[in-house]
Each structure stands twice: as structure tokens, then as C-alpha cells.
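Numbering (this note's numbering), first residue to last: 8 to 444.
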Ligand code: PLP
């Protein structure tokens, strides 16, 4: 079997990280002793904090205090920060006067919240992440074609056949990284009297997004995919449905008055945000978005486009490795490359990439089973994903390690457990961050 390894980077070609992430310089143990630089190509699942965001959280911690109803000075500080963060998120995505920002735990939570408010059917494509398939109570499915054009036509046919309240579409596929032309989907949905929700979980970390420009009604996103892994997400969009929907969480903060027989609920966002908010998550999310604004969208796009091309070219050059695509005419992509292997188990390869080379990727069907099963010919894929902290060295290390494992197999012995493939003799020490007991 011939092995094609990516050409070594020349000084001019070398791309350094665009921003410092909290895991910069992290070394991970490998089998047989020793440590290597961590190659993190799993950012689409969860990204490390930006170093500036981690600093903001450190600065906030001494002030952490009760929020909204506290009378102490730290409470005033924290309350103001949460509301400032709401304004930053709103501005970052170009929210309009009619829109609200509801803080949630993540994209999944935001979509589940929106699902309680939609007064009718929801039309989705089969390419969606499960988070944008499963929450909808009255869901109608359109199987995407291998072109965006034909997919839009199929969507039009579905919308013409019966009115729908909402079209929910991803901004970027978490399997292929392919972008969808959201503005065109929005125009189509509106032409048939439906609103549109954009799943921006994979879009927001990589692109500037403006609800007004897209003419989109709702956007959902996750802090942990946007370099703020402290447990917050958001639903941003038109207030009217949300103002009359049942409270997503019932409890303190969502109400203006409670009598035993009668409750006066606030409008959104408070209506859906009962209980103590995730102050660290919310403030860090806004801090991350501000840092993305400071870096500027063009630099991000250029950095990631060059690395993604290098990643795809390197992976595709390996014998027995095939890159997966959903569309032949996607208008661009974010830094995600998923491959399938002609032979062998991707789970085993992913385990060996980590245990022998310190490379983190993802193996499986990426919580998008219907899409993966349609576009792939093997049961599972292997996904490498990158972002602001990625470099050409990361890409080259991954390609070289994948080439070697695909050609010669792993060096160590692995066994399949209920929890996936594991080294039979795993001598890698875990860091002592917290010890239960
Ligand atoms: N939508 C897409 C496109 C995703 O990639 C993901 C997560 O990978 C989600 C939704 C769910 O995001 P979360 O796990 O943050 O709720």
C-alpha cells in the first residue's frame, strides 16, 4: 500500500494559531511513557477557552455573587455583567429591536426551548444534528439532494404542499463542515409564510453572523463551541412566540407576581430563564464573542480556509481514506473534515491516534445519523476539526499519524470495550486535577 504524507511545511507555508487557547502548550501522555504536544483536532465537538476568556473568568470569580436580586456591591457588578453580556450577544449576531436573547445551556437546550414556542409544523433537512431533529414536536423531513439547488427545490415543494410555521436549518454541517446559504433558505421560508431558525453551533465559531443580513428569525448557539466552555448557550430571535409560550423553566425570576391561584409571568427573556443564571458561562460567552470581533472575521476565515484545505488534501492523499461531502455546490465550508476508511475500524484508528500520537479527533456518526448513513458507505467516520488555536503542524501531525496507522496498523494492542476501543495496557497517567474521595 502506498502512503502519501503531506509535504513538510516550509517556513512560508507554516500557519500559526490565530489566537491563544487555554490548552496552548498542553502535552499529553502516550503509551509506553513520555509526552507529546497535544494535537487538538476535535474543536467542532468542544473548543478550549480562549486564553483571554479564561482570564476574564479568573477576574470575575472574586466578584461572583448573587445575581439580579442581591443588594451587595458584588451583586450589582455581576448583575450588570450578565445584562452587558446579553447586549454583547445581541449585537454580535445583529439582533433587531423585535428580538430577545434568552440564555440557555447550549444549542440543544435553545432548540428544545424554541420547540415549545413554535405554533405549527417545523420543516427540517435530513442533514441536521440530532439537536435540530429530535426536539420538534410536529416535524416534517426533507431529504437533501446532493446539490443545494435541488435541496432548495425539494424544500419549496414541501412548503408548498402544506403550511409550516418554521424551517430549521443548520448554518454549517457538523459532519462535512459545508456551509448552507442561509439567506436563500430564509427567503424561501418567508415566501411560504414560515419563519427560519438557524442552528449556528458550527457557524458562529467560524463566521460573522448577522440576523438582519440573513433575514433569519432565530439563531441558536453554544458557548463551548465558541471558545467559552463554561456551560452557556443562547436562543436569539423574535420575541412574540417566546413571550406567550409556556415558561421553559418555571420558578423564581420568571414571574412578576405569584398568588396561590394565579401567576403573572414575565415576557421573554425572563420568562424562560427561571433560577440562578450561569453567570460564568454567560459572561465568558460574551467575552469570547468580543474577542472574535477583535480578531475580525476575515483573518479567521483566511486562517481556517488554508488549514482546512491542507487537512482535506492531506487526508485525501492517503490510500484507503475517503473524504465525505454532502453537497457538490456548497458555498464554502468551516474547518471540519470527515473521512471514512476503506478497511478497518475508525474507532480503533481514533484510539491509536490519541494513545500513540497525542492526536484528538472524533469517531462515529457525529449525532447526525440520518445524514451520515445517507452519504457514507461505511458504518462510522473519523472527523478532524480545527479553529483559532490550530496550526499547520497540527494538521501535518494528524495526516502523518493517520497515514502510518492506516498503512501499518497501530503499534500497540487494543480491545473493544463497552466504551469503545482502549489500549490493552494503558500506562498513561491522568492529571491529578481533582481526586474523588
Ligand atoms: N447543532 C450542531 C450543528 C452541532 O454540531 C451540535 C453539537 O455538536 C449541536 C447542534 C448541539 O450542540 P450542544 O451539544 O452544544 O447542545
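Backbone N, C-alpha and C define an ideal beta-carbon position, used for all residues, glycine too.
- Taking 8 angstroms as the cut-off, the Cβ atoms of residue 334 and residue 155 count as close.
- Taking residue 283 as reference, the option from 258, 358, 167 and 172 with the minimal CA-CA separation is 258.
- Contact between residue 60 and residue 70 fails: their C-beta atoms lie close to 16 angstroms from each other, not under 8 angstroms.
- In the DSSP assignment, residue 245 falls within the unbroken beta strand (DSSP E) covering 240-245.
- Distance from the Cα of residue 24 is smallest, within the candidate group 433, 442 and 402, for 402.
- Distance from the C-beta of residue 136 to the nearest heavy atom of the ligand PLP is below 7 angstroms.
- Taking 8 angstroms as the cut-off, the beta carbon of residue 167 is found no closer than this to the beta carbon of residue 129.
- Per DSSP, the beta bridge partners of residue 344 are 391.
- Here residue 416 carries a coil assignment [DSSP, helix/strand/coil].
- DSSP links residue 400 through a beta bridge to no other residue.
- Distance from residue 159 to residue 210 at the Cβ level is roughly 18 angstroms; contact not present, criterion being Cβ atoms closer than 8 angstroms.
- Restricted to the region 91-168, the beta strand (DSSP E) segments that are unbroken, complete and at least 3 residues in length are 106-111, 129-132 and 146-149, listed in chain order.
- Counting only runs of at least 4 residues, the region 36-71 fully encloses the following alpha helix (DSSP H) elements, listed from N- to C-terminal order: 58-67.
- Beta-bridge analysis with DSSP links residue 423 to 428.
- If you keep only unbroken beta strand (DSSP E) runs of at least 3 residues inside the region 219-301, you get 225-229, 240-245, 262-265 and 270-272.
- Taking a C-beta distance under 8 angstroms as the contact criterion, residue 243 and residue 100 qualify as a contact pair.
- Between the region 284-292 and the region 84-99, the count of C-beta pairs closer than 8 angstroms reaches three or more; the two stretches touch.
- The Cβ atoms of residue 36 and residue 435 lie closer than 8 angstroms to each other.
- One alpha carbon belongs to residue 42, the other to residue 359, and they sit about 15 angstroms apart.
- Excluding the 5 residues flanking it on each side, residue 233 has same chain C-beta neighbours closer than 6 angstroms at 211, 212 and 295, in chain order.
- Between residue 346 and residue 396, the C-beta spacing is not below 8 angstroms.
- Under the three-state reduction of DSSP, residue 324 is assigned to coil, being neither helix nor strand.
- Judged by the Cβ position, residue 247 fails to qualify as a neighbour of the ligand PLP at the 7 angstroms threshold, every heavy atom of the ligand being at least this far.
- Going by beta carbons, residue 227 and residue 384 fall outside the 8 angstroms limit.
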